[in-house]
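**Student:** Residue numbers (my numbering): 349 to 624. Every residue gets a Cβ at the ideal spot worked out from N, C-alpha and C, and that includes glycine. Just so we're clear, the structure is a prediction, and the values are computed from it rather than from any experiment. After the structure tokens below, expect a handful of questions from me.
This is the structure we're talking about:
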């Protein structure tokens, strides 16, 4: 039995949709519907997660990254501990690409990878690149048709969430083939301000990180989100997120798992831009 966590939103919902109707798959959320299990990483009951994982052979652990590092680490630790108690044999974890170590939210991912390596469980790590869909929000043209996101001259090896969902499904349905593997799942054609402007039919005039910080803080973002988003802009602008720091032999991992070329990130970006 395969259990997919976080099936109520984001990447988890895309994965759950691809697996819908299978008798050997169950999904877990905080507020389960028919046929789902209640999976709450913050459940203080000592048997809560262990009961949720009963009868599960493979756990597809979608990162519970919405929170401060200590909260995320506690959630992932609880999930891995409960998996061991429940007799889960293999955990597939959706992590962050290796070139993302300069991001403020990398710490919890790297901690979780280490926790899995030190556990008695079989494991596979899917190091997902940042979404092209995220760029559509972080670097959308303004009403004047100008992209002012502070990306400088940097570029991002962005990837389509649908491709990451498909890769996760392929691994989770046949986990033994991928035991002990860490896959770097990034886009093949990095995007910078010029490429985004061309895809959006816009102009590019990058602003400053200080201006972005002020705008994010004024948008109603919760406190931990401000440094998360600013560090994303900063890491891209500094040239750390274009995929070049991932070993060449691993840059084709996404194509390898998909058995085809990944979707063009520029097209995904353009498809997900908010209306102007």
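Among 422, 439, 419, which has the Cα closest to the Cα of residue 465?
**Tutor:** Comparing Cα-Cα distances from residue 465 to each of 422, 439, 419, the minimum goes to 439.
**Student:** When the cut-off is 8 Å and only beta carbons count, does residue 466 lie next to chain D?
**Tutor:** Although the question refers to chain D, the structure presented lacks it and comprises just one protein chain.
**Student:** Going by the DSSP bridge assignment, what does residue 404 pair with across the sheet?
**Tutor:** Paired residue(s): none; residue 404 is not in a bridge.
**Student:** Run through the DSSP bridge pairs and tell me what residue 495 is partnered with.
**Tutor:** Looking at the DSSP assignment, residue 495 forms a beta bridge with 552.
**Student:** Grouping DSSP H, G and I as helix and E and B as strand, with all else coil, what is residue 509?
**Tutor:** Correct three-state label for residue 509: helix.
**Student:** Look up residue 611 in the DSSP assignment and say whether it is helix, strand or coil.
**Tutor:** Reduced to three states, the DSSP call for residue 611 is coil.
**Student:** Looking only at DSSP bridge pairs, what is residue 470 linked to?
**Tutor:** 438.
**Student:** Output needed for residue 540: all residues of its chain with C-beta closer than 7 Å, excluding positions within five of it in sequence on either side, in chain order.
**Tutor:** 499, 501, 502, 503.
**Student:** Work out the CA separation of residue 467 and residue 474 for me, nearest whole Å.
**Tutor:** Whole-angstrom Cα-Cα distance: 17 Å.
**Student:** Excluding sequence positions up to five away, which residues of its chain have a Cβ less than 6 Å from the Cβ of residue 471?
**Tutor:** Counting only Cβ-Cβ distances below 6 Å, and skipping sequence neighbours, we find 439, 464.
**Student:** Return the chain-ordered list of same chain residues with a C-beta closer than 6 Å to the C-beta of residue 589, the five sequence neighbours on each side being excluded.
**Tutor:** If we look at residue 589 and ignore the five residues flanking it on each side, its Cβ neighbours are 447, 504, 583.
**Student:** So, under 8 Å CB-CB, residue 604 and residue 532 are touching, yes? Tell me the CB distance rounded to an integer number of Å.
**Tutor:** The pair is not a contact, with the Cβ atoms about 10 Å apart (cut-off 8 Å).
**Student:** If you follow the beta strand (DSSP E) that residue 350 is part of, which residue opens it and which one closes it?
**Tutor:** Where residue 350 is concerned, the enclosing beta strand (DSSP E) stretches over 350–352.
**Student:** For residue 579, which residues of its own chain have a beta-carbon under 6 Å away from its beta-carbon, when the five flanking residues on both sides are left out?
**Tutor:** Cβ within range, chain order: 451, 452.
**Student:** Taking 8 Å as the threshold (C-beta atoms), are residue 413 and residue 477 in contact?
**Tutor:** For residue 477 and residue 413, no; Cβs fall outside 8 Å.
**Student:** Can we say the segment 426–443 touches the segment 520–532, given the rule of at least three CB pairs closer than 8 Å?
**Tutor:** Cβ pair count under 8 Å is three or more, so yes.
**Student:** Alpha carbon to alpha carbon, how far is residue 371 from residue 548?
**Tutor:** About 42 Å.
**Student:** With 16 other CB atoms within 10 Å as the buried threshold, where does residue 485 fall?
**Tutor:** That one is exposed.
**Student:** If contact is defined by three or more beta carbon pairs under 8 Å, each pair taking one atom from either stretch, is the segment 604–620 in contact with the segment 509–518?
**Tutor:** Touching, yes, given that three or more Cβ pairs across the two stretches are closer than 8 Å.
**Student:** Leaving out five residues on either side along the sequence, give the residues of the same chain with a beta carbon under 7 Å from the beta carbon of residue 543.
**Tutor:** Cβ neighbours of residue 543 beyond the five flanking positions: 614.
**Student:** Could you spell out the range, first to last residue, of the beta strand (DSSP E) harbouring residue 533?
**Tutor:** Looking at the DSSP string, the run of the beta strand (DSSP E) that includes residue 533 is 530–533.
**Student:** Taking DSSP's pairing of strands, which residues face residue 475 in a bridge?
**Tutor:** DSSP, once it has assigned bridges, lists 443, 532 as partnering residue 475.
**Student:** Between the Cα of residue 460 and those of 379, 545, 417, spot the shortest distance and give me the residue it belongs to.
**Tutor:** Ranking the options by Cα distance to residue 460, first place goes to 417.
**Student:** Excluding the 5 residues preceding and the 5 following residue 527 in the sequence, name in chain order all residues of the same chain whose CB lies nearer than 6 Å to its CB.
**Tutor:** 470.
**Student:** Using C-beta distances below 8 Å, list every residue in its chain close to residue 378, excluding the 5 sequence neighbours before and after it, in chain order.
**Tutor:** Cβ neighbours of residue 378 beyond the five flanking positions: 356, 386, 387, 388.
**Student:** Tell me whether the beta-carbon of residue 480 lies closer than 8 Å to the beta-carbon of residue 616.
**Tutor:** Cβ distance < 8 Å, so residue 480 and residue 616 count as in contact.
**Student:** Closest by CA to residue 494, which one among 552, 376, 382?
**Tutor:** Of 552, 376, 382, the residue nearest in Cα terms is 552.
**Student:** Smallest Cα separation from residue 572: which of 400, 415, 364?
**Tutor:** It is 415 whose Cα lies nearest to the Cα of residue 572.
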